Amino acid sequence: MNQSLTTQDPLELSRNANDIKGLDNLRRAAQSGDSNALDEAAKQFEAIFVQMMLKSMRKAQDVMADKDSPFNSEQVKFYRDMHDTQIASDLASNGSIGLAEIIVQQLGNTDNGYMPAGALRNDGNLSSINRNTIISTQNAQNEVLGEPSPKTFQSFKTAAFEDAQSFIEQLYPAAQQAAEQLGIDPKALLAQAAIETGWGKHMIHNTSGQNSHNLFGIKADRRWQGDRAMVDTIEFEQGVAATKKAPFRMYDSFGESLQDYVSFVQQNSRYQEAVKQTQSPQEYFSELQKAGYATDPDYADKVISVFEGEQFKRYSAEQTSTSGAAGNIK
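In the working numbering, the protein residues as written are 353 to 682.
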């Protein structure tokens with residue numbers, strides 16, 4: 353027995369988990385340039401890993417153990433942990449898991465495609481593994497946003513109208529012109545604009561205070577050549593609301609926004625069924641929602657609710673009253 357121990361390599365003796373001199377022998381071997389030092393260090397690292405697993409399993413076992421049992425005393429646990437530490441070392445030396453072999457390949461050479469640890473890998477090589485995913489993501493972003501533009505502004509939302517009545521009164525003339533081109537009730541366009549902007553209380557402005565005049569929440573894709581406003585927006589994904597940043601179109605006036613909206617729905621093939629239903633606002637907005645104009649599942653109902661609401665009824669009554677008074681004067 354003593355003879356076999358004396359013939360063992362000093363590095364092999366370091367596998368004795370309870371031998372304090374073991375680590376010192378390993379350190380000396382590494383400093384002397386012994387090629388076997390890396391193998392032994394990798395095995396000891398694997399042993400630490402196995403020991404952690406054994407320790408976790410022991411903790412799970414202790415939860416169900418009988419506290420009054422003589423086999424559950426602190427003294428028994430102490431020697432049990434020493435035994436587990438040695439078992440972990442023996443398992444690692446036999447290559448049972450294979451972690452040590454991988455460590456040696458990675459740290460020692462480039463065989464079998466392994467990269468040495470000395471090489472700089474600022475992303476852990478994940479970019480090469482996920483290259484196709486990254487390229488697809490970048491292409492999708494470029495498709496929507498286009499190339500970075502110097503005319504993209506960080507923006508915020510603030511009020512541009514005092515109340516719903518001033519919103520309707522100021523925008524109605526321009527809405528009437530746009531509605532004639534689309535063949536829809538002007539109040540329907542204003543109802544949609546009211547939903548998109550909260551009756552003009554949440555208009556997009558850039559950091560210099562310039563109003564984007566974007567009444568319909570139309571985003572700036574790569575086809576848009578004008579200025580853009582980058583702002584937070586609420587999108588619905590599988591019925592759940594989420595806040596995201598997106599670029600929106602900026603216009604010089606509300607009239608330009610209304611005209612662009614008409615062109616946007618008329619020229620976009622996905623909204624052709626909606627354009628055919630402009631005589632019925634209910635059908636129009638229903639088809640518009642089906643085509644994906646908005647992610648809110650209740651978008652069409654909300655617009656129609658505003659369209660049939662008190663604000664437009666009051667405005668129509670005032671217009672009728674004014675027209676009647678003018679007729680009497682004549």
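Glycine residues also receive a C-beta, built at the ideal position from the N, C-alpha and C atoms. Since the model is a prediction, treat every value here as computed from it, not as a measurement.
Three-state secondary structure (DSSP) of residue i
| i | result |
| --- | --- |
| ASN388 | helix |
| PHE600 | strand |
| GLU608 | helix |
| GLU660 | coil |
| ALA399 | helix |
| VAL452 | According to the sequence as given, residue 452 is Ala; it is not Val. Note: ALA452 maps to helix in three-state DSSP. |
| ALA643 | coil |
| ASP420 | coil |
| GLN517 | helix |
| GLN577 | coil |
Cα-Cα separation, residue i to residue j
| i | j | result |
| --- | --- | --- |
| LYS407 | ASN388 | 29 Å |
| LYS429 | VAL456 | 34 Å |
| LEU523 | GLU608 | 12 Å |
| SER615 | THR672 | 31 Å |
| GLU662 | LYS654 | 14 Å |
| ASP420 | GLU426 | 11 Å |
| GLY498 | THR585 | Bear in mind that a pLDDT of 49 at GLY498, under 50, signals an unreliable position, so the model cannot answer this. |
| PHE508 | GLN533 | 31 Å |
| GLN517 | GLY535 | 24 Å |
| LEU451 | THR437 | 17 Å |
| PHE659 | VAL583 | 27 Å |
| ALA643 | ALA526 | 26 Å |
Span of the alpha helix (DSSP H) around residue i
| i | result |
| --- | --- |
| HIS435 | 426–445 |
| THR647 | That residue, THR647, is in no alpha helix (DSSP H); it is neither H nor E in DSSP. |
| THR630 | Counting along the chain, THR630 falls outside any alpha helix (DSSP H), and DSSP gives it neither H nor E. |
| PHE513 | Careful: PHE513 lies outside any alpha helix (DSSP H) and carries neither H nor E. |
| TYR623 | Looking at the DSSP string, TYR623 is not in any alpha helix (DSSP H), and its letter there is neither H nor E. |
| GLU548 | 538–549 |
Per DSSP, the bridge partner or partners of residue i
| i | result |
| --- | --- |
| SER507 | ASN558 |
| ASP584 | LYS597 |
| LYS571 | PHE600 |
| ASN563 | HIS557 |
Classification of residue i by the beta-carbon crowding that lies within 10 angstroms, buried from 16 upward
| i | result |
| --- | --- |
| ARG580 | buried |
| ARG601 | buried |
| ASN558 | buried |
| HIS435 | exposed |
| MET409 | exposed |
| GLY552 | buried |
| ASN620 | exposed |
Contact test: residue i Cβ vs the ligand SAM heavy atom, cutoff 7 Å
| i | result |
| --- | --- |
| LYS597 | Absence of the ligand SAM from the depicted structure is noted, as is the absence of any ligand whatsoever, leaving it without description. |
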